[in-house]
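> Take this structure first; my questions come after.
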Amino acid sequence: MSKNGKKTIVKTTKVSKITKTLECKLTPAEWRKRATESAKLHHEREALLDRNKCAKKSMKAEEDALETRITALLKAVRTEHEERPVHCEVRPDVQSGEMYTTRLDTKEELKDSRRAMTIAERRAHYQRDLPGIHSSPPGPPAKHPEAAA
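When we follow numbering that gives the first Met the number 0, the leftmost residue of the sequence shown carries the number 0, and every step to the right adds one.
Quick look at the structure:
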């Protein structure tokens with residue numbers, strides 16, 4: 000009540016409490032803790048980036064291998080042929096003085112396989128045909144069975 004006996008209504012403003020994020024000065028202990036944590040996290044991030052690089056290289060290598068195999072398979076399907084290892088034989092053609100390559104599975108001469116015989120190849124071929132020259136190892140001559148009897 001007021002002095003003159005009348006009731007007075009007092010309006011009060013409600014006070015509310017809030018929390019705001021504001022800039023605060025770090026204590027020396029807080030600063031050391033933040034410095035240590037930031038250095039540790041920086042090291043962890045560098046290690047993660049290194050692992051990512053290795054993983055990317057590995058995945059790229061896998062991707063390249065798959066791409067190479069897919070390309071080879073698609074070429075085989077498209078051309079109905081594929082390259083694979085085949086046993087071959089290099090033979091002399093003494094008449095033309097050339098060496099040529101023959102597939103052993105089909106006995107076909109390979110295209111563009113002919114080349115000139117080297118001097119050593121010619122010499123080896125002609126020495127085999129000369130009488131008295133053999134490719135047997137040096138040493139005492141072998142005895143004929145007739146001479147032993």
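Glycine included, every Cβ here is placed at the ideal spot set by N, Cα and C. If you're wondering where the values come from, they're calculated on a predicted model, not measured in any experiment.
How about M116 and E97: do their beta carbons lie closer than 8 Å?
Yes, the pair counts as a contact, with Cβ atoms nearer than the cut-off.
> In this structure, does DSSP put T105 in helix, strand or coil?
DSSP places T105 in coil when its eight states are reduced to three.
> If we call anything under 8 Å between Cβ atoms a contact, is Y99 one with R122?
Result no, Cβ atoms of Y99 and R122 do not sit closer than 8 Å.
> Taking D92 as the reference, give the member of Y125, E79, N51, K52 with the closest Cα.
Residue Y125 is the option with its Cα nearest to D92.
> For the beta strand (DSSP E) containing P84, list its first residue and its last residue.
P84 -> no beta strand (DSSP E), and no H or E assigned at all.
> For T35, does the three-state DSSP call read helix, strand or coil?
If DSSP states are grouped into helix, strand and coil, T35 belongs with the helices.
> Hey, how far is the Cα of I118 from the Cα of R83?
Those two C-alpha atoms are separated by around 32 Å.
> With C-beta atoms as the reference, is L21 less than 8 Å away from R33?
Cβ distance not < 8 Å, so L21 and R33 don't count as in contact.
> Pull up the CB-CB distance for V85 and D104, whole angstroms please, since I reckon it's below 8 Å.
Going by Cβ atoms, the distance from V85 to D104 rounds to 6 Å, so yes, they are a contact pair.
> A75 and E81: beta carbons closer than 8 Å?
Yes. Within cutoff.
> When the Cα atoms are used, what is the spatial distance from I8 to P27?
Computed Cα separation, rounded: 52 Å.
> From the DSSP output, which residues share a beta bridge with T237?
Because the chain spans 0 through 148 in this model, residue 237 falls outside it and cannot be assessed.
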